[in-house]
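Student: One structure follows; several queries about it will come next.
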Amino acid sequence: MNDPGSTVPAATPRLPPDANGLAEAAALLRAGELVAFPTETVYGLGADATDPAAVARIFAAKDRPRFNPLIAHVADADAALADGAFDEWALRLAEAFWPGPLTLVVPARPKSRVCDLARAGLPSVALRVPAHPLAQALLVAVGRPVAAPSANRSGRVSPTRAGHVLDDLAGRIAAVLDGGDTPVGVESTVVACLGGPPRLLRPGGITRAALRAVLGHDPAAPEAADSDRPAGPGMLASHYAPRARVRLDAVRIEPGEAVLLFGSGCPEGLEQARAALNLSPAGDAGEAAARLFGALRELDASGADTIAVAPIPSEGLGEAIRDRLARAAAPR
Ligand code: TXA
Ligand code: MG
């Protein structure tokens, strides 16, 4: 890695999900190093959010454009309230969904510890209290906000197990805390509460229906004023992309394609597929979300030029699944 300030080992070690592994992960983060860790959604690539040099290493390791702001992860809502100014809506959403797969974009407090680089210079800050027990324990041990985008190379498929992280970032980061498979499988829902009505910036692990139940109405669509920069990486048209081309709502399979199935339907021509995986034979969107990114990586490894995706309904977590697949299918 071309970062003389860092002491990244050539082979990135996997730290065990126990007291020793947590202590080492926390010490590395406090020393300004990069450590990937599991959250309930996907693995995050963590750095001390208060340290601009540490945050700069995230952008370098991922090849991430610097105009894309990062989420600051904290152990509890009290810590989040110290960094962001929460209006009534934000308080209500935090109360309902934290700890959990919700990120709130709120105005940054003047004394916010989250450094300017992590916020990409924006007057707002993205805050999240993850529910995963290892993420919780790590954040308590670090005692500072931890900036963490998904632990993949920029534009690629997000990692849901430690092996995925190493496939993309081995030799570029100090360690990965190995907590096995992440249970939710798609990233957090991002909601902006910046004075006007709450806006849904990215569908994710908290469904639109769950937001509606708390807000009393649907969240609003994003608008340009939510950010004075180009859209964040999760909002770029092409993102979450495997090597293979992705073809959506496929009802007929062409010979040699890899196939991503959902439910009990069997598309025409399936017998000519190079490889096929079913996200959820029972048609369960939660199960499908948990398997989505791993399945994309696996089908990509089949060597097929195209991954054909069967129709997936947009109810529940289906909205986040379809969002990620649409970005994977977008022109590059
Ligand atoms: O589940 C997740 O959210 C995972 C885990 C690791 O927590 N993290 C994640 O981070 O997905 P990332 O960097 O891949 O996505 C963060 C999203 C981006 O779309 C970014 O543009 C948006 O949050 N975001 C961050 N700060 C923002 C801000 N101040 N205003 C608007 N959007 C912001
Ligand atoms: Mg990401």
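If you're matching positions, the sequence shown starts at 1 in the working numbering and goes up one per residue. Virtual Cβ for every residue (Gly too), placed ideally from N, Cα, C.
#1: Using only CA atoms, which one of S280, L81, A310 lies nearest to A339?
#2: Would you kindly report the start and end of the unbroken alpha helix (DSSP H) that includes R297?
#3: For P17, which residues from the same chain have a beta carbon less than 7 angstroms from its beta carbon, with the 5 sequence-adjacent residues on both sides left out?
#4: Assuming the contact rule is C-beta atoms closer than 8 angstroms, R245 and T306 should be a hit. Round their C-beta distance to whole Å, please.
#5: Under the DSSP definition of a beta bridge, which residues are partnered with E268?
#6: Look up R199 in the DSSP assignment and give the residues it is bridged to.
#7: DSSP beta-bridge partners for P38?
#8: Our contact map puts A94 next to A77 with C-beta atoms below 8 angstroms; I'd like the distance itself, whole angstroms only.
#9: What are the residues that DSSP puts in a beta bridge with H73?
#10: Where does D48 fall in DSSP's three states?
#11: How about the segment 137-151 and the segment 106-125: do they share at least three Cβ pairs that are nearer than 8 angstroms?
#12: Is A54 closer than 7 angstroms to D48 when the C-beta atoms are compared?
#13: According to DSSP, is R324 helix, strand or coil?
#14: Since R92 is in the beta strand (DSSP E), which residue starts that stretch and which ends it?
#15: Is T189 near the ligand TXA, judged by its Cβ being under 6 angstroms from some heavy atom?
#16: How long is the line joining the alpha carbons of R30 and L138, rounded to whole angstroms?
#17: With A27 as the anchor, note down where its alpha helix (DSSP H) starts and where it stops.
#18: Could you round the C-beta distance between V42 and P203 to whole angstroms and report it? I think they count as a contact, below 8 angstroms.
#19: Taking 6 angstroms as the cut-off, is the C-beta of S264 nearer than that to any heavy atom in the ligand TXA?
#20: For T39, is the beta carbon positioned less than 6 angstroms from some heavy atom of the ligand TXA?
#21: Grab the span of the beta strand (DSSP E) containing L277 for me, first residue to last.
Tutor: Taking the definition as stated:
#1: Since the first and last residues shown for the chain are 1 and 332, residue 339 lies out of range.
#2: The residue you call residue 297 lines up with position 297 of the sequence shown. Its alpha helix (DSSP H) spans residues 285-301.
#3: Taking the sequence shown and counting its residues from 1, one reaches residue 17 at position 17. If we look at P17 and ignore the five residues flanking it on each side, its Cβ neighbours are L134, L177, D178, G179.
#4: Within the sequence shown, the letter at position 245 stands for residue 245. Within the sequence shown, the letter at position 306 stands for residue 306. Indeed, because the Cβ distance is near 5 angstroms, the residues count as touching under 8 angstroms.
#5: As a first step, residue 268 must be located in the sequence shown, where it is residue number 268. Paired residue(s): R252.
#6: The residue you call residue 199 lines up with position 199 of the sequence shown. DSSP output for R199 lists A192, A220 as bridge partner(s).
#7: Locating residue 38 in the sequence shown gives position 38, counting from the first residue. P38 is bridged to Y43.
#8: Working through the sequence shown from its first residue, we reach residue 94 at position 94. Working through the sequence shown from its first residue, we reach residue 77 at position 77. Contact flag correct, Cβ pair sits at about 5 angstroms.
#9: Translated into the one-based positions of the sequence shown, residue 73 becomes position 73. DSSP, once it has assigned bridges, lists R128, V146 as partnering H73.
#10: Position 48 of the sequence shown, counting from 1, holds the residue named residue 48. In the structure shown, D48 sits in a strand (DSSP, three-state: E or B).
#11: yes
#12: Counted from its first residue, the sequence shown places residue 48 at position 48. Counted from its first residue, the sequence shown places residue 54 at position 54. Cβ distance < 7 angstroms, so D48 and A54 count as in contact.
#13: Taking the first residue of the sequence shown as 1, we reach residue 324 at position 324. DSSP places R324 in helix when its eight states are reduced to three.
#14: Position 92 of the sequence shown, counted from the first residue, corresponds to residue 92. Not the beta strand (DSSP E): R92 falls in the alpha helix (DSSP H), residues 88-97.
#15: In the sequence shown, the residue the question calls residue 189 occupies position 189. No, Cβ of T189 sits at least 6 angstroms from all heavy atoms of the ligand TXA.
#16: Position 30 of the sequence shown, counting from 1, holds the residue named residue 30. Position 138 of the sequence shown, counting from 1, holds the residue named residue 138. Cα to Cα, R30 sits roughly 11 angstroms from L138.
#17: Locating residue 27 in the sequence shown gives position 27, counting from the first residue. Looking at the DSSP string, the run of the alpha helix (DSSP H) that includes A27 is 19-30.
#18: If you number the sequence shown from 1, residue 42 lands on position 42. If you number the sequence shown from 1, residue 203 lands on position 203. Rounded, the Cβ-Cβ distance is 14 angstroms, inconsistent with contact.
#19: Within the sequence shown, residue 264 is the residue found at index 264, counting from 1. Not under cutoff, so the answer is no.
#20: Counting from 1 along the sequence shown, the entry for residue 39 is found at position 39. Flag set: Cβ of T39 near the ligand TXA.
#21: On the sequence shown, residue 277 is found 277 positions in, with the first residue counted as 1. Counting along the chain, the beta strand (DSSP E) containing L277 begins and ends at 275-278.
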